[in-house]
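Scroll down for the structure; my scribbles are underneath it.
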Amino acid sequence: MKYNVFITDYFSKKIRSYTRKYRRIFADCKDFITVLENNPQTGDKLKGCIGPVFKARLASRDMNKGKSGGFRVIYLVRENDHSVFLLTLYPKNEQANICVNQVNGILKQTGFA
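Per this note's numbering, the sequence shown starts with residue 643, numbered consecutively.
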């Protein structure tokens, strides 16, 4: 069954902040959303988060480094209503990892906790 993918306001702000540096980020995200619609557990499940939160790699056509050097996308999966909520993203070259406290803070800020 296909999942519905929703973009949170927080995610929208983050993606807009990267558009000047990474001009093809919207196209990259659109391709990623198509993958999530069919397989929302494509990423690694983050332990210690409020709810089933995943982190997945997103290749960037602007970076030319493949998935490992591209973006990381953090998203929440709700199985009961087949929904995926994009929470945040960050470029791997600017931030190595995201801590559980940051993710839980975003969940609270977006109303999921």
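Where is the CB? At the ideal position from N, CA and C, for every residue including glycine.
Secondary-structure assignment with DSSP links Leu729 through no beta bridge to anything.
Measuring C-alpha to C-alpha distances from Leu678 to each of Lys663, Phe668, Lys644 identifies Lys644 as the nearest. Cα atoms of Gln751 and Asp651: separation of roughly 10 Å, rounded to the nearest angstrom. Look at Leu678 here: in three-state DSSP terms it is helix.
Asp686 sits in a strand when the DSSP states are folded into three classes. With fewer than three CB-CB distances shorter than 8 Å, the region 652-661 does not count as touching the region 675-693.
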